[in-house]
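When we follow our numbering, the leftmost residue of the sequence shown carries the number 470, and every step to the right adds one.
Heads up: the structure comes next, in structure tokens.
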Amino acid sequence: MNNASITPLAIDAWRDYVLKHIVDNLETNKDNILDQFEREDTHCLTRQEIEQNGLMDFDISITLHRDKKKSFGLGLGFFKANLIR
470 MNNASITPLA
480 IDAWRDYVLK
490 HIVDNLETNK
500 DNILDQFERE
510 DTHCLTRQEI
520 EQNGLMDFDI
530 SITLHRDKKK
540 SFGLGLGFFK
550 ANLIR
């Protein structure tokens, strides 16, 4: 299969699928990620401070390398999802 035979719809479906797995993984491992950060953090930032200051609310994005512009910017294939606690 060459690149010309892959539809934009199929590419978007693949990007959405991968993004869903990344977000699911972050949600599943949230406590482990926070625990590990607290152990390794040199700035004395606690889990409570992270949660109370909205630091768990962020965007996750996937840009396929093939979609990147040659100049500054996120590219045509930029997609993001809000990660909600």
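Backbone N, C-alpha and C define an ideal beta-carbon position, used for all residues, glycine too.
Check	Outcome
Within a Cβ cutoff of 6 Å, which residues of the same chain sit near Asp504, ignoring the five residues on either side of it in sequence?	none
Quick one, which of Val492, Ala479 and Ile480 has its alpha-carbon nearest Ile529's?	Val492
Beta carbon of Leu514, beta carbon of Phe506: below 9 Å?	yes
Ends of the alpha helix (DSSP H) at Asp485?	Pro477 to Thr497
Using three-state DSSP, classify Asp510 as helix, strand or coil.	coil
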